[in-house]
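Here the structure is laid out as structure tokens; the discussion comes afterwards.
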């Protein structure tokens, strides 16, 4: 009787271990890249200097964000309406940096966003230019009084809505906020 009980217990333990290993082996590998906190690395600003100067550029690899994303940040001092901020899509289009990337088409209406204590708007676009560095982009413009930050995320696929929360999270994080505080004098 003891021998039968020992064999039954061993079979249950072995069966449980086998089931757990099968579940672990067949778990989707891309889930980690899509659920983990993205890792952003600073890269060289690729654009010519214009009236707004040089900005900051960051890249999130496909292994971290599910698709390669390059984010460009620039401060525009005194360019924002001090009273209304970034009130609508017309303001967003005028204040944003989509012009750096060529011809774009809005994918719909924008929406209000909040980065730390700053309000602004976000809107997705399709990149139409031949040889564009991605398929879509998200333009995020937010302000502190009369000064604003234009953030442009170039995305390697046509689902910008899946990347926008990661961009907003990065903009509100310590790296981007430290840069904003120094640049805008917050």
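In mature numbering (1 follows the signal peptide of the UniProt record, and there is no 0), the protein residues as written are -19 to -1, 1 to 167.
Beta carbons: idealized from backbone N, C-alpha and C, even for Gly.
What you are looking at is a predicted structure, and each value in this text was computed from that prediction instead of being measured.
Remark: C-beta atoms of residue 58 and residue 127 approach each other more closely than 9 Å. Contact between residue 118 and residue 94 does not hold, since their C-beta atoms are separated by about 15 Å, which reaches or exceeds 8 Å. For residue 37, the closest C-alpha among the options 68, 96 and 130 is that of 130.
For residue 60, there is no enclosing beta strand (DSSP E), as DSSP gives it neither H nor E. Here residue 41 is buried. Its C-beta has 16 or more other C-beta atoms within 10 Å. Counting only runs that start and end inside the region 68 to 118, the beta strand (DSSP E) elements of at least 3 residues fall at 85 to 87, 92 to 96 and 99 to 108. Residue pairing for residue 133: DSSP places it in a beta bridge opposite 53 and 120.
DSSP places residue 151 within a helical segment (H, G or I) once states are collapsed to three. Contact annotation, residue 134 with residue 144: C-beta distance approximately 6 Å; criterion of less than 8 Å satisfied. The Cβ atoms of residue 75 and residue 92 do not sit closer than 9 Å to each other.
Secondary structure of residue 159 (DSSP, three-state): helix. Residue pairing of residue 37 in beta bridges, as defined by DSSP: 54. For the pair residue 96 and residue 146, the Cα-to-Cα distance works out to about 11 Å.
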